[in-house]
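**Student:** The structure follows.
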Amino acid sequence: MPASRMTGPIFLEKGLGPTIGYREHAMWARPPLMIWSLVAVMAASAANSSVAQAAEIITRGATTAMHRGVYEVALQAGSLAGRNPYTKISIRVTFTRPDGSEATVDAFYDGNETFRARAYCDVPGEWHWSTDSDLESLSGQSGSFRVSPSNLKGKLRRHPADPRQLAYDNGDWFLHLGDTGYRYVVDTETHWKPYIDQAVKIGATKIRVWFARARHDVQVLFANKRQALNLPYWQEIDRRVTYALETYPDLMLGLIPYAEDTDEIRRYALDDKAAPLIARYAQARFSAFPNAYWVVSNDMIILHERSRKQVDRAETDALADREVPYEAIDRIGRDMAAREPWGTLLTNHQSRGSGYAYVDAPWSDIIDLEDLDQVAGRAILKYREMRDQPVILDEDRYECYRPPEHDRYFFRRLMWASLLSGGSATYGGLRTYEPYEVDECQGVAGYIDALDAGLLEDGAHDFQHIHKFFGDTGLTLVRMTPDDDLAGGNPDHWKAMRDDRTIIVYLANPSGSTPQSDDEGATAPSVTLQVPAGHFEGKWFDPSDGTWQVAGAVSDGRHVLTAPAPGDWVLLLQR
């Protein structure tokens, strides 16, 4: 690490007393672990929507619910008349908003002859509900409740002013900084709570979560030879999704119901009666949750000519057991979209390097990618031009799988490059697709705990500073346009984004030309900018410690600007 870049604040390493700033940390056996003073502020902000009212985000047994929260109706059957409550009883609940518009949902069975129906309270005012069922005791019931104003931000949406960006339902821009916590809701993962708590502390705003106990097998979701559902397992999923919602209501969960179960997805396409039950029940149970959006499956190889041409052949051969027909995922997506009552976003995630096969699918709301070494944002830029939708690079390297040599720099570079390409990215630390084992780099565990155990290095340390950049400036990336040509046209070194009043440039300053092994450069980087007409004030932002330095003023014409010190930097120019 360049020793000359020591302009940042002094941090305290947890349990080790005073330490120096990040740029000197190579002298430590492990990188210093901060007390996260800034992150604590960010985490409080992430939860400030309603921490004081957290227990009320899901309203049960009361007549007043929170705007952008959840209202739950409990329906007691008395008797099931010997019928299978998962497959042989239909209960539809219609929620009527104050303006007369309606949303009709499936009620889900929750044991003890009780069904529940959930509403996402997207409009304040007086709501009404009524039931329709082929079980006489549950048909014709009705009630009402009032939705009161709240400061909850609500569901994830495409931004109303820029469909390539994401927003909360209240209109606030959503800064996507993803983390991979596949097994967060799996009942055998006992460190799930430290995991989610510490993910928020480091600055994650979205977690990838699947329902599978075994990586390629979602059969734990079923019971009684696929004739019923494993209710205790679903209830544990519910408990953990609820914990995330009530504790960190601004944190999003990308829920992956079919995980990597190739056989189950194939069965769906073959009209198996049980396979659709997973999606139907999952939507009935979780679609009303403001912190949830849907990812149909994970890491599938889509047998579709257009996408197969993009697949790395060696990777495909190794993953041949993950091949599913294009039509299978498309059918699940269409069915889920047709059923979706609350506009919950929907996408799919396929194998590394294979792109996204559902760009043109009407049901798809997000372009979701898996690739490798996308530190120049090329894949995001490519897909950004195909459709006006958010593009998320949801997998690249992990600290514990295909690791980079310099984790902190690699993931910092990946995040900034992705954002300034007009998309966003997701971090991978532990191998959360495998069960937890003590002193192994796998399973669900807290990031900070894994650092203390020496299992992770420091790949997510600088997410806090991305929050600080946007918090300090009040900027968002809404209506901003990627423009790498503005900074020389070499995105491996310079990433640029602009609008009429603002230019943001990330100077990656890599030490070489191989992303996996690159470190930050040992000399101060420069960038040549063709500045448009007007007067711009410039500031340098250190993405490794969140500090600012004055860059001076520039006006229209060609300018060479040099960063204050070695390493990577962000340049901000504003009129």
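Going by the numbering used here, the sequence shown runs without a break in its numbering and finishes at 596.
From the three backbone atoms N, C-alpha and C, an ideal C-beta is built for every residue, glycine too.
Mapping DSSP to helix, strand and coil, what is residue 380?
**Tutor:** Coil.
**Student:** Taking 8 Å as the cut-off, decide whether the C-beta atoms of residue 181 and residue 410 are in contact.
**Tutor:** No; because the gap between Cβ atoms is not below 8 Å, this pair is not in contact.
**Student:** What whole-angstrom Cβ distance do residue 144 and residue 120 have, given they're in contact under 8 Å?
**Tutor:** With 8 Å as the limit, residue 144 and residue 120 qualify as a contact, their Cβ atoms being about 7 Å apart.
**Student:** Taking 8 Å as the threshold (C-beta atoms), are residue 354 and residue 384 in contact?
**Tutor:** Cβ distance < 8 Å, so residue 384 and residue 354 count as in contact.
**Student:** Are the Cβ atoms of residue 370 and residue 319 separated by less than 8 Å?
**Tutor:** Going by C-beta atoms, residue 370 is nearer than 8 Å to residue 319.
**Student:** According to DSSP, is residue 234 part of a helix, a strand, or is it coil?
**Tutor:** Coil at residue 234, not helix or strand.
**Student:** Pull up the DSSP beta-bridge partners for residue 84, would you.
**Tutor:** Answer is none; residue 84 lacks a bridge partner.
**Student:** Below 8 Å, can you find three or more Cβ-Cβ pairs linking the region 103–115 to the region 187–195?
**Tutor:** Touching, no, given that fewer than three Cβ pairs across the two stretches are closer than 8 Å.
**Student:** Check whether the region 169–177 and the region 147–158 are in contact - that is, three or more C-beta pairs closer than 8 Å.
**Tutor:** No: the two stretches stay apart, fewer than three of their Cβ pairs being nearer than 8 Å.
**Student:** Under 8 Å between the Cβ atoms of residue 227 and residue 199?
**Tutor:** Yes, they are a contact pair.
**Student:** Please name the residue, chosen from 296, 401, 558 and 526, that lies closest to residue 357 on a Cα-to-Cα basis.
**Tutor:** With distances taken between Cα atoms, residue 357 lies closest to 296.
**Student:** For residue 426, collect the residues of the same chain with a Cβ closer than 6 Å to its Cβ; drop the 5 residues on either side in sequence, then sort them by chain order.
**Tutor:** Same-chain partners within the cutoff: 538.
**Student:** For chain C, is any of its Cβ atoms less than 8 Å away from the one on residue 200?
**Tutor:** Structure shown: chain C not included; a single protein chain is present.
**Student:** May I have the straight-line CA-CA distance separating residue 306 from residue 139, to the nearest angstrom?
**Tutor:** Rounded to the nearest angstrom, the two C-alpha atoms are 7 Å apart.
**Student:** Only counting runs of 3 or more residues, tell me where the beta strand (DSSP E) segments fall wholly within the region 183–222, in order along the chain.
**Tutor:** Runs found: 183–189 and 198–201.
**Student:** Can you tell me where the beta strand (DSSP E) with residue 147 in it begins and where it stops?
**Tutor:** Segment 146–154, the beta strand (DSSP E) holding residue 147.
**Student:** Should the region 124–135 be regarded as contacting the region 82–101, the criterion being three or more beta carbon pairs within less than 8 Å?
**Tutor:** The region 124–135 vs the region 82–101: in contact.
**Student:** If I'm right that residue 10 touches residue 301 with Cβ under 8 Å, what's the distance once you round it to whole angstroms?
**Tutor:** The structure shown does not extend to residue 10, since the chain is modelled only from 22 through 596, so no value can be given for it.
**Student:** Just how far apart, CA to CA, sit residue 522 and residue 496?
**Tutor:** Taking the straight line joining both Cα atoms gives about 11 Å.
**Student:** Assign residue 437 to one of three DSSP states: helix, strand, or coil.
**Tutor:** Helix, per DSSP.
**Student:** Decide if the region 438–454 is in contact with the region 393–402; the criterion is three or more beta carbon pairs, one per stretch, under 8 Å apart.
**Tutor:** Counting Cβ pairs under 8 Å, three or more are found: they touch.
**Student:** Pull up the DSSP beta-bridge partners for residue 502, would you.
**Tutor:** Beta-bridge pairing links residue 502 to 519.
**Student:** Quick one: grab the DSSP three-state call for residue 452.
**Tutor:** Looking at residue 452 - three-state DSSP - the assignment turns out to be strand.
**Student:** State the beta-bridge partners of residue 301 as determined by DSSP.
**Tutor:** Answer is none; residue 301 lacks a bridge partner.
**Student:** With distances taken from CA atoms, which of 581, 513, 117 and 456 is nearest residue 211?
**Tutor:** With distances taken between Cα atoms, residue 211 lies closest to 456.
**Student:** Okay, do the region 551–559 and the region 568–577 touch, 3+ Cβ pairs below 8 Å being the bar?
**Tutor:** Yes, the region 551–559 touches the region 568–577.
**Student:** Compute the Euclidean distance between the alpha carbons of residue 265 and residue 582, then round it to the nearest angstrom.
**Tutor:** Rounded to whole angstroms, residue 265 to residue 582 spans 44 Å at the Cα level.
**Student:** From the DSSP output, which residues share a beta bridge with residue 277?
**Tutor:** For residue 277, which the question treats as bridged, DSSP gives the partners 231.
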